[in-house]
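Quick notes on the structure that follows.
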Amino acid sequence: MKTEMRAIEITQYGKPEVLQICTRPVPVAGKGELLIKVAAAGVNRPDVLQRLGFYPVPPGASDLPGLEVAGEIVGGDVQDSGFELGDQVCALVQGGVMRSIAWHLRVSA
23 MKTEMRAIEI TQYGKPEVLQ ICTRPVPVAG KGELLIKVAA AGVNRPDVLQ
73 RLGFYPVPPG ASDLPGLEVA GEIVGGDVQD SGFELGDQVC ALVQGGVMRS
123 IAWHLRVSA
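Per this note's numbering: the sequence shown = residues 23 to 131.
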């Protein structure tokens with residue numbers, strides 16, 4: 023598996039043009055977490071407000087926008103999770119984990 027991924031980050035507040043594609047390390051899934059290779063991600067009102075500077079990133083949350091994601095489980099703690107590697111999944115990503123406008127993310131199993 024690759025060690026780096028592309029993601030979209032907010033480097034400054036403003037219009038959509040401030041969004042930048044960056045390179046970040048692929049997250050490592052810990053105990054009770056799954057790694058999802060992202061196929062599609064949703065952007066919603068909190069993401070737009072964050073980009074505009076009206077909604078601060080919660081403590082411990084990622085600075086990457088995106089709360090909804092669909093993709094494939096490619097790693098992590100699948101034992102006793104009810105999931106298997108290769109499963110196609112969707113998830114609502116909570117603050118404190120890698121957010122979804124990235125090519126990989128980790129989520130709680």
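C-beta atoms are modelled at their ideal positions from N, C-alpha and C, and glycine is treated no differently.
Using C-beta distances below 8 Å, list every residue in its chain close to residue i, excluding the 5 sequence neighbours before and after it, in chain order.
i	result
GLU26	THR45, ARG46, PRO47, VAL48
Between residue i and residue j, which are expected to be in contact by the criterion C-beta below 8 Å, what is the C-beta distance as a whole number of angstroms?
i	j	result
ASP17	LYS24	The structure shown has nothing for residue 17, since the chain only spans 23 to 131.
ALA13	GLU94	Shown here, the chain extends from 23 to 131; a query on residue 13 therefore has no answer.
Alpha carbon to alpha carbon, how far is residue i from residue j?
i	j	result
ALA29	PRO87	9 Å
PRO81	GLY75	15 Å
PRO68	LEU56	24 Å
LYS59	VAL79	23 Å
ILE104	TYR77	Checking the sequence shown, residue 104 turns out to be Gly, not Ile. Spanning the two alpha carbons is a distance of roughly 35 Å.
By Cβ distance, which residues of its chain are closer than 6 Å to residue i, with the 5 residues on each side in sequence left out?
i	result
GLN42	GLU31, THR33
ALA92	ALA61, ALA62, CYS112
ILE40	What sits at residue 40 in the sequence shown is Val, not Ile. Excluding positions up to five away in sequence, the list reads GLN34.
ASP109	ILE95
Are the C-beta of residue i and some C-beta of chain D separated by less than 8 Å?
i	result
GLY98	The chain labelled as chain D is not found in the depicted structure, where only one protein chain is given.
Decide if residue i is buried, meaning its Cβ has at least 16 other Cβ atoms within 10 Å, or exposed.
i	result
LEU89	buried
GLN101	exposed
With distances taken from CA atoms, which of the options is nearest residue i?
i	options	result
VAL70	LYS37, ASP109, PHE105, GLN110	LYS37
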